[in-house]
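Chains as they are written, first to last, in the working numbering: chain A, 73 to 799; chain B, 105 to 166. Glycine is no exception: its CB is placed at the ideal position from the N, C-alpha and C atoms. In this text, all values refer to a predicted model and were calculated from it rather than measured experimentally.
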Amino acid sequence: MSAVEHPGAAACPACLASPLAGQVAERQRSAEGEEVQLSLPTIHCAACISTIEQGLLGLPDVSDVRVNLTRKRASVRVRNGMDAEALVAAVSRLGYEAQPLDAATLSAGASDRAARDLTMRLGVAGFAMMNVMLLSVAVWAGAANATRDMFHWISAAIALPTIAFAAQPFFVSAWRQLRVARLNMDVPISLAILLASAMSVWETAHHGQHAYFDAALSLTFFLLAGRVLDQRMRTVARSAATELAALEAPTALKIGPDGPLTVRLEQVGAGDLLLVQPGARIPVDGVVAEGESEIDRAFLTGETDPVAVAPGLQVRAGEVNLTGALRITAQAVGADTLLHRLADLVSVAEEAKSRYNSLADRAARIYAPAVHLLALAAFIAWFWLTGGDLRVALNVAVAVLIITCPCALGLAVPAVSTVASGRLFKRGLLVKHATALERLAEVDAVVLDKTGTLTRGTPLLQDADALPPEALAVGAALAQASNHPRSRAVAAAAQGRTLPAVNVSDIREVPGHGVQGNWNGQLVRLGRADWAGAEGSATVLRLGDGAALPLQFTDALRPGAAALIAGLKARGLPVTLLSGDTPEAVGQLAGQLGLDDWRAGVHPDDKVAAIAAMKAAGRRVLMVGDGLNDTAAMALAHVAIAPASALEATRVAADLVLVAPQIDRIDDALRIAGAARRRILENFALAAIYNAIAVPIALMGLATPLGAAIAMSSSSIMVSLNALRTR
Amino acid sequence: MLILGILIPVSLGLGALGLVAFLWTVRSDQYDDPEGDAARILRTDYDDAPAPDRPKTHAKGH
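So this is what it looks like as structure tokens:
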């Protein structure tokens with residue numbers, strides 16, 4: 073994760089403030105201290121490990137530090153209730169960024185255990201395969217009679233327990249499918265492994281020439297290797313996704329008899345009074361009880377203009393409080409919030425996506441019955457030809473099963489997906505869903521959201537040069553006092569310009585309205601027009617009794633937005649921009665990017681309807697969005713991508729998460745997904761060619777264990793090498 | 105043929121030794137942080153004196 077995106081300040085105060093508090097609430101106390109997890113997105117080298125480990129160990133309350141460079145994380149054991157905030161401060165003094173992670177969200181146990189379990193089975197299968205292969209070499213070299221029998225018995229002694237242990241995942245999966253009367257790839261695999269072992273034991277007992285213990289084992293080994301790759305890739309993506317979630321633990325400041333107390337969201341009930349600090353995200357749906365402020369609804373509606381709120385007005389979970397502290401009465405919590413209802417919708421869509429037929433599924437559907445029929449035909453034919461020789465007929469049938477067994481097929485998809493996901497990961501994209509890459513390769517239309525997706529969701533002051541330098545200087549001085557995104561935009565515009573020095577005193581922020589101060593004996597105000605003494609709700613700067621200077625803001629483009637549109641056009645994909653923002657704002661951005669197809673003022677339901685209509689027209693839509701207003705549409709789309717700055721609920725609906733700040737990486741994703749699909753198809757073709765050569769040989773009864781071993785290994789290696797060409 | 109009676113157990117024993125070593129590396133989480141381990145070996149922190157013993161607290165879970 074070299075390129076973790078740090079969401080703009082607008083999204084971040086909340087995620088900085090709440091997880092800290094969550095840790096305090098959630099800590100497990102024990103005799104030897106407690107463990108705090110930190111995310112360290114900027115570490116990259118041996119020196120970084122040393123600096124952080126030594127630096128933190130130097131703190132009096134830290135008993136142990138372990139930095140994990142692969143996951144860019146540190147787990148720190150602390151004493152005396154030292155909190156994560158102090159650790160973050162210490163790390164930033166050392167020169168690195170750190171963010172506390174919520175321990176409760178991180179505990180990923182199950183998938184780790186599954187990965188370890190598979191690795192263990194792979195190791196055992198590898199050991200057994202090597203040893204049996206060595207013994208087989210002796211047989212192939214011409215060992216005969218008693219020596220051959222002994223070597224076969226030793227092979228059996230190694231192979232049978234190994235198969236019972238290592239091939240279990242295939243048996244379990246095959247049995248599960250058979251019970252519901254279905255065939256998957258694991259059925260022919262299990263059948264081949266079991267029949268090969270059984271026949272080899274029988275042959276050995278009857279002093280036969282051919283035993284397939286090595287084939288059964290290498291089959292198990294190669295197929296397990298495919299499984300391990302698959303599992304590993306998913307674990308990496310999942311752990312990165314849970315880390316994103318752990319950065320923003322769901323907590324709220326509940327006002328109790330002893331003042332505000334941080335609690336986890338589950339502990340908030342309807343009717344509770346909550347405190348929402350400026351910069352924090354509103355945790356539940358509710359009504360403002362006290363305080364005035366402005367809130368940013370961009371995540372819910374896509375509007376970039378902040379909305380003023382006062383007591384009695386409704387607020388929704390997910391909105392960001394900008395200027396003043398608010399006390400809100402919780403109305404809907406947990407399952408009743410809009411946010412949660414959206415999550416339900418997402419899980420319905422997830423189910424639809426899990427029914428997607430991947431290339432591997434489609435291959436298995438043709439392949440599994442074909443193999444069984446072929447083996448059966450071989451058995452019947454040879455039984456008839458040899459006049460009822462069961463042993464020969466069974467030998468040929470098993471040879472056919474082993475030769476056709478999908479070693480290459482089992483590796484074809486996981487090897488390519490692993491390589492492709494790895495390449496995307498390096499470019500800052502997390503592949504969350506197993507079939508996401510395949511679906512991405514099929515996309516033939518793109519729908520984009522505006523606010524927070526094509527733009528950063530943070531305003532930029534327009535025409536700063538048109539303002540009198542003195543006014544801009546005063547405005548910047550006032551703006552320093554506020555965390556409002558527009559104030560920050562004014563302050564940012566003043567930076568890097570040479571402005572006259574001004575002395576503004578008595579600066580005070582009026583929540584929900586703006587900032588005021590005293591400059592040369594005059595009252596100066598930066599804020600809402602109706603408050604500063606002008607018409608409308610725009611933002612103005614007013615110096616004394618002079619005319620109010622209107623300030624225009626635009627939404628800053630995300631880096632790479634223009635390149636993305638150009639890239640999509642070059643691919644010939646139709647691009648639609650759907651935004652909940654005003655027509656002016658959307659039209660201006662569309663003009664800037666050269667987009668003709670755009671719609672403004674789109675409600676979440678309209679977005680869903682738009683996607684559904686495109687779907688009905690046979691389009692496979694890629695939806696890129698970040699807001700809750702996009703979530704339902706994303707769940708419906710063929711494949712969805714969300715930036716890391718999106719809300720958790722939206723990221724859950726997405727198949728890929730864009731961690732890098734550059735949005736044109738989506739173009740890379742499309743290219744890599746296309747390449748991956750081509751490689752998978754090529755691998756299937758390779759496997760088919762190999763079968764076309766090997767199956768007739770097996771059907772003629774000419775296959776030997778040596779031939780099977782050579783063919784199996786070479787086809788697996790060829791498929792893996794081809795997968796490495798994905799880029 | 106007597107030689108087989110010695111060499112086969114020897115080769116199996118060596119293989120089993122490798123297997124046990126592999127299982128140990130899996131169990132003690134040595135595949136948890138490959139990048140970190142590659143980087144750690146280049147540090148000079150403990151060139152002069154060995155690292156003090158760590159409390160065994162991070163072994164499981166992450």
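(message) Quick check for students: name the residue ranges of the alpha helix (DSSP H) that lie wholly in the stretch 472 to 533 of chain A, counting only runs of 4 or more.
(response) Complete alpha helix (DSSP H) runs here, min 4: 479 to 498, 508 to 513.
(request) Measure from the C-beta of residue 495/A to each C-beta in chain B and report whether the shortest distance is under 9 Å. (result) Position 423 of the first sequence holds residue 495/A. False, the Cβ-Cβ gap to chain B never drops below 9 Å.
(request) Note down, in chain order, each residue of its chain lying with its Cβ closer than 6 Å to the Cβ of residue 671/A, except the 5 sequence neighbours on either side. (result) Taking the first sequence and counting its residues from 1, the one referred to as residue 671/A is at position 599. Same-chain partners within the cutoff: 650.
(request) Could you pull the start and end residues of the alpha helix (DSSP H) that residue 226/A belongs to? (result) Residue mapping note: residue 226/A aligns to position 154 of the first sequence, counting from 1. For residue 226/A, the enclosing alpha helix (DSSP H) begins and ends at 217 to 238.
(message) If you measure between the beta carbons of residue 166/A and residue 226/A, is that distance less than 9 Å?
(response) The sequence position of residue 166/A within the first sequence is 94, counting from 1. The sequence position of residue 226/A within the first sequence is 154, counting from 1. No, the pair does not count as a contact, with Cβ atoms beyond the cut-off.
(message) Quick check on DSSP: helix, strand or coil for residue 323/A?
(response) Indexing the first sequence from 1 puts residue 323/A at position 251. In this structure, residue 323/A counts as strand in the three-state DSSP scheme.
(message) Quick check on this structure: which residue in 244/A, 380/A, 536/A has the alpha carbon closest to the alpha carbon of residue 602/A?
(response) The residue labelled residue 602/A in the question sits at position 530 within the first sequence. Out of 244/A, 380/A, 536/A, 380/A has the C-alpha closest to the C-alpha of residue 602/A.
(request) Could you pull the start and end residues of the beta strand (DSSP E) that residue 590/A belongs to? (result) As a working note, residue 590/A is residue 518 in the first sequence. Per DSSP, residue 590/A is one residue of the beta strand (DSSP E) stretching across 586 to 591.
(request) Return the chain-ordered ranges of every beta strand (DSSP E) run that is complete within the stretch 327 to 367 of chain A and spans a minimum of 3 residues. (result) 331 to 336, 345 to 348, 357 to 362
(message) So, for residue 124/B: in the same chain, excluding its five sequence neighbours on each side, which residues have a beta-carbon less than 6 Å away from its beta-carbon?
(response) If you number the second sequence from 1, residue 124/B lands on position 20. Cβ neighbours of residue 124/B beyond the five flanking positions: none.
(message) Taking CB distances under 9 Å as the criterion, tell me whether residue 120/B reaches chain A.
(response) Against the second sequence, residue 120/B aligns to sequence position 16. By this cut-off, residue 120/B is an interface position.
(message) Output needed for residue 113/B: all residues of its chain with C-beta closer than 8 Å, excluding positions within five of it in sequence on either side, in chain order.
(response) Working through the second sequence from its first residue, we reach residue 113/B at position 9. Same-chain partners within the cutoff: there are none.
(request) For chain A, find out if any of its Cβ atoms is closer than 9 Å to the Cβ of residue 112/B; answer yes or no. (result) In the second sequence, residue 112/B corresponds to position 8, counting from 1. Yes, residue 112/B lies at the interface with chain A (some Cβ there is under 9 Å from its Cβ).
(request) Grab me the residues of residue 669/A's own chain with a C-beta within less than 6 Å of its C-beta, minus the 5 sequence neighbours each way, in chain order. (result) For the purposes of this step, residue 669/A is identified with residue 597 of the first sequence, where counting begins at 1. Cβ neighbours of residue 669/A beyond the five flanking positions: 648.
(request) Go ahead and label residue 103/A buried or exposed: buried means 16 or more other beta carbons lie within 10 angstroms of its beta carbon, across all protein chains shown. (result) Reading the first sequence from its first residue, position 31 is the one you call residue 103/A. The predicted model places residue 103/A with a pLDDT of 43, which falls under 50 and marks its position as unreliable, so this point remains unresolved.
(request) With DSSP as the reference, label residue 752/A as helix, strand or coil. (result) Counting from 1 along the first sequence, the entry for residue 752/A is found at position 680. DSSP places residue 752/A in the helix class (H, G or I) of the three-state scheme.
(request) Please decide whether residue 126/A counts as near chain B, where near means a Cβ-Cβ distance under 9 Å. (result) Sequence index remark: in the first sequence, residue 126/A carries index 54 (1-based). Yes - at least one Cβ of chain B is within 9 Å of the one on residue 126/A.
(request) Would you decide whether residue 786/A is buried or exposed? Buried here means 16 or more other CB atoms lie within 10 Å of its CB. (result) As a first step, residue 786/A must be located in the first sequence, where it is residue number 714. By the neighbour-count rule (16 or more Cβ atoms within 10 Å), residue 786/A is not buried but exposed.
(request) Could you check if residue 368/A is buried or exposed, using at least 16 other CB atoms within 10 Å of its CB as the buried criterion? (result) Stepping through the first sequence from its first residue, residue 368/A is reached at position 296. Buried.
(request) Output the distance between the C-alpha atoms of residue 220/A and residue 211/A, rounded to the nearest integer angstrom. (result) Locating residue 220/A in the first sequence gives position 148, counting from the first residue. Locating residue 211/A in the first sequence gives position 139, counting from the first residue. Cα to Cα, the separation comes out at about 6 Å.
(request) Using three-state DSSP, classify residue 706/A as helix, strand or coil. (result) Here residue 706/A refers to the residue found at position 634 when the first sequence is read from its first residue. Assigned with DSSP and collapsed to three states, residue 706/A falls in helix.
(message) Here's a check: name, in chain order, each residue in its chain whose Cβ is nearer than 7 Å to the Cβ of residue 141/A, leaving out the five neighbours to either side.
(response) Position 69 of the first sequence, counted from the first residue, corresponds to residue 141/A. These residues qualify, in order along the chain: 115, 121.
(message) I need the straight-line Cα distance from residue 440/A to residue 346/A, nearest angstrom please.
(response) One-based indexing of the first sequence puts residue 440/A at position 368. One-based indexing of the first sequence puts residue 346/A at position 274. Approximately 59 Å, taken between the alpha carbons.
(request) For residue 114/A, decide whether its Cβ has a neighbour in chain B, counting only Cβ atoms nearer than 9 Å. (result) Along the first sequence, one-based indexing puts residue 114/A at 42. No - not a single Cβ of chain B is within 9 Å of the one on residue 114/A.
(message) Determine whether the beta carbon atoms of residue 584/A and residue 364/A lie at a separation below 9 Å.
(response) Here residue 584/A is taken as the residue at index 512 of the first sequence, counted from 1. Here residue 364/A is taken as the residue at index 292 of the first sequence, counted from 1. Contact: yes.
(request) Could you work out which residues of chain B lie near residue 195/A, taking near to mean beta carbons separated by less than 8 Å? (result) Residue 195/A sits at position 123 when you count from the first residue of the first sequence. Residues of chain B passing the Cβ test: 123, 126, 127, 130.
(request) Would you mind telling me which residues of chain A sit closer than 7 Å to residue 154/B, beta carbon to beta carbon, in chain order? (result) Residue mapping note: residue 154/B aligns to position 50 of the second sequence, counting from 1. Chain A residues near residue 154/B: none, gap ~15 Å exceeds 7 Å.
(request) Keeping to the same chain, check which residues put their C-beta closer than 6 Å to that of residue 492/A; ignore five residues upstream and five downstream. (result) Here residue 492/A refers to the residue found at position 420 when the first sequence is read from its first residue. Within its own chain, the residues whose Cβ lies closer than 6 Å to the Cβ of residue 492/A, once the five positions on either side in sequence are excluded, are 509, 744, 748, 798, listed in chain order.
(message) Does chain B have any CB closer than 9 Å to the CB of residue 308/A?
(response) Stepping through the first sequence from its first residue, residue 308/A is reached at position 236. Chain B contact via Cβ: absent.
(message) If the cut-off is 9 Å on Cβ atoms, which residues from the stretch 135 to 147 of chain B count as contacting chain A, listed in chain order?
(response) 135, 136, 137, 138, 139, 140, 141, 142, 143, 144, 145, 146, 147
(request) Report yes if the C-beta distance between residue 777/A and residue 287/A is below 9 Å; otherwise report no. (result) Within the first sequence, residue 777/A is the residue found at index 705, counting from 1. Within the first sequence, residue 287/A is the residue found at index 215, counting from 1. Yes, these two residues count as a Cβ contact at 9 Å.
(request) Provide the residue span of the beta strand (DSSP E) that contains residue 794/A, from first to last. (result) Taking the first residue of the first sequence as position 1, residue 794/A is located at position 722. Per DSSP, residue 794/A belongs to no beta strand (DSSP E); it is in the alpha helix (DSSP H), 777 to 795.
(request) Quick one: measure Cβ to Cβ for residue 544/A and residue 571/A, integer angstroms, because I've assumed they're closer than 8 Å. (result) For this step, residue 544/A is matched to residue 472 along the first sequence. For this step, residue 571/A is matched to residue 499 along the first sequence. With 8 Å as the limit, residue 544/A and residue 571/A qualify as a contact, their Cβ atoms being about 6 Å apart.
(message) Given this structure, state the Cα-to-Cα distance separating residue 307/A from residue 707/A, to the nearest angstrom.
(response) Position 235 of the first sequence, counted from the start, is the residue given in the question as residue 307/A. Position 635 of the first sequence, counted from the start, is the residue given in the question as residue 707/A. Near 22 Å, if we compare the C-alpha coordinates of residue 707/A and residue 307/A.
(request) Determine, using beta carbons only, whether residue 526/A comes closer than 9 Å to chain B. (result) For the purposes of this step, residue 526/A is taken as residue 454 along the first sequence, with counting starting at 1. Not one chain B Cβ lies under 9 Å of residue 526/A.
(request) Check each candidate in 784/A, 788/A, 484/A and name the one with the smallest Cα separation from residue 474/A. (result) For the purposes of this step, residue 474/A is taken as residue 402 along the first sequence, with counting starting at 1. That would be 784/A, whose Cα lies nearest to the Cα of residue 474/A.
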